[in-house]
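Engineer: Take this structure, written in structure tokens, and hold onto it; I'll ask about it next.
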Ligand SMILES: Cc1ncc(C[n+]2csc(CCOP(=O)(O)OP(=O)(O)O)c2C)c(N)n1
């Protein structure tokens, strides 16, 4: 049984992510957002199901597709939106953009433009937690493509050998850029790789927030209790192009529409909670309306904020 507060928080997180991403897509395509951006639409249940098990001072490490992780961990929508719009009120004063959002105050250690760049950082955070004898845990999100990078194997081995409190969360969305996962990955279930590093590996339906939540709950509880790391593979599907503006010549619109109709994590949630009579349609509608309003307010804040002054170009630059 899930508490009412948890159910509400799950839907708040998923609707915030969905509306945030739809807004970014619209304004990016209108030419109002500089740089590059990747959307998390259709994968909301993964970040939400994991982060609902984490405390504020637990850590996460994210990816190039990181807005959903930031939102699920409690980052502020208006500062995220401002950063993506390149405004001075953003998390990196408008100089980092979509792939460089971090908020240490909520344990969000950073999005990462380097595919596979998050494992060692999260494993380092978990090592720090162990050495300082805190009960913090770290979770690192990564794609199926990223699971083939050497850094995965190095970090997983160290975490396994030293029993570090880190959860490796694979978002298997079947695509790595333009490449189908099956053509580049030796195993069908990436969770099987956990066996090589003496940690549990579990595969769940990543479009079902309850399946993700339940599996992550056990892993987080065990990691906190000193039982070491785990690998959670969430099977999902990348609904949008690899980046906003991707012509998507490598798959058909029909395939995507079919998959989204069958697997939309928000619809899955609504169906389950109304069938079980855990929440009413009116409660869901009120949460949707509030999340949409929050995103509108964040957009308004970003649009009204100033761009960084050119004299700031080299400020905060480390090289
Ligand atoms: C080290 C490195 N190699 C290549 C790239 C270019 N690149 C960006 S995203 C991406 C695909 C990542 O696929 P996956 O890990 O499955 O994540 P998804 O995009 O599906 O969420 C690639 C190859 C990069 N950013 N960093």
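Residue numbers (my numbering): 1038 to 1356.
For every residue, glycine included, the Cβ atom is placed at its ideal position computed from N, Cα and C.
1. Counting Cβ pairs, one atom from each stretch, are 3 or more of them under 8 Å apart for the segment 1211 to 1221 and the segment 1172 to 1179?
2. Would you be able to state if there are at least three C-beta pairs under 8 Å between the segment 1051 to 1064 and the segment 1319 to 1330?
3. DSSP has residue 1272 in a bridge; who is on the other side?
4. Taking a contact to mean a Cβ-Cβ separation below 8 Å, would you say residue 1099 touches residue 1187 in this structure?
5. When every heavy atom of ligand 1 is checked, does at least one fall within less than 7 Å of the C-beta of residue 1199?
6. Going by C-alpha distance, which of 1205, 1140, 1149 and 1126 is nearest residue 1163?
7. DSSP puts residue 1217 in a beta bridge; with which residues?
8. Taking only heavy atoms of ligand 1 into account, decide whether any of them is closer than 7 Å to the Cβ of residue 1293.
9. In this structure, does DSSP put residue 1203 in helix, strand or coil?
10. To the nearest angstrom, how far is the alpha carbon of residue 1151 from that of residue 1330?
11. Does any heavy atom of ligand 1 sit closer than 7 Å to the C-beta of residue 1073?
12. Taking Cβ positions, are residue 1075 and residue 1101 nearer each other than 8 Å?
13. Would a C-beta distance cut-off of 8 Å place residue 1259 and residue 1227 closer than the cut-off?
14. According to DSSP, residue 1140 sits in a beta bridge with which residue or residues?
15. For residue 1077, is the classification buried or exposed, using 16 other Cβ atoms within 10 angstroms of its Cβ as the cut-off for buried?
16. Given a cut-off of 8 Å on the beta-carbon distance, is the pair residue 1111 and residue 1093 in contact?
17. List the endpoints of the continuous alpha helix (DSSP H) containing residue 1078.
18. How many angstroms separate the CA atom of residue 1085 from the CA atom of residue 1241?
19. When you measure from the CB of residue 1187 to every non-hydrogen atom of ligand 1, does any distance come out below 7 Å?
20. Using DSSP with H/G/I as helix, E/B as strand and the rest coil, what is residue 1108?
21. Within 8 Å, do at least three Cβ pairs link the segment 1333 to 1351 to the segment 1119 to 1126?
22. What does DSSP give as the partner residues of residue 1097 in its beta bridges?
23. Select from 1136, 1119, 1265 and 1184 the residue whose C-alpha is nearest the C-alpha of residue 1332.
Structural biologist: A quick look at the data gives this:
1. no
2. yes
3. Locating residue 1272 in the chain shown gives position 235, where the first residue counts as 1. Beta-bridge pairing links residue 1272 to 1209 and 1242.
4. On the chain shown, position 62 is the one that residue 1099 refers to. On the chain shown, position 150 is the one that residue 1187 refers to. No.
5. Here the question's residue 1199 lines up with position 162 in the chain shown. Every heavy atom of ligand 1 is 7 Å or more from the Cβ of residue 1199, so no.
6. Mapped onto the chain shown, residue 1163 falls at position 126. Nearest option by C-alpha distance: 1205.
7. Indexing the chain shown from 1 puts residue 1217 at position 180. Residue 1217 pairs with 1212.
8. Counting from one through the chain shown, the residue named residue 1293 turns up at place 256. False, no ligand heavy atom lies under 7 Å from that Cβ.
9. The sequence position of residue 1203 within the chain shown is 166, counting from 1. Here residue 1203 sits in strand by DSSP.
10. Numbered from its first residue, the chain shown carries residue 1151 at position 114. Numbered from its first residue, the chain shown carries residue 1330 at position 293. Going by the C-alpha atoms only, they are around 33 Å apart.
11. As a working note, residue 1073 is residue 36 in the chain shown. For ligand 1, not one heavy atom lies less than 7 Å from the Cβ of residue 1073.
12. By one-based count along the chain shown, residue 1075 stands at place 38. By one-based count along the chain shown, residue 1101 stands at place 64. Yes; because the gap between Cβ atoms is below 8 Å, this pair is in contact.
13. The residue given as residue 1259 occupies position 222 in the chain shown. The residue given as residue 1227 occupies position 190 in the chain shown. Cβ distance not < 8 Å, so residue 1259 and residue 1227 don't count as in contact.
14. Working through the chain shown from its first residue, we reach residue 1140 at position 103. Paired residue(s): 1145.
15. Here residue 1077 is taken as the residue at index 40 of the chain shown, counted from 1. Answer is buried; the Cβ neighbour count reaches 16.
16. The sequence position of residue 1111 within the chain shown is 74, counting from 1. The sequence position of residue 1093 within the chain shown is 56, counting from 1. Yes, these two residues count as a Cβ contact at 8 Å.
17. Working through the chain shown from its first residue, we reach residue 1078 at position 41. Note, residue 1078: premise wrong, no alpha helix (DSSP H); not H, not E.
18. Mapped onto the chain shown, residue 1085 falls at position 48. Mapped onto the chain shown, residue 1241 falls at position 204. Computed Cα separation, rounded: 14 Å.
19. Position 150 of the chain shown, counted from the first residue, corresponds to residue 1187. Not so, every heavy atom of ligand 1 lies at least 7 Å from the Cβ.
20. Position 71 of the chain shown, counting from 1, holds the residue named residue 1108. DSSP places residue 1108 in helix when its eight states are reduced to three.
21. yes
22. Within the chain shown, residue 1097 is the residue found at index 60, counting from 1. Paired residues: 1145 and 1176.
23. As a working mapping, residue 1332 is identified with position 295 in the chain shown. Checking every option, the nearest Cα to that of residue 1332 belongs to 1119.
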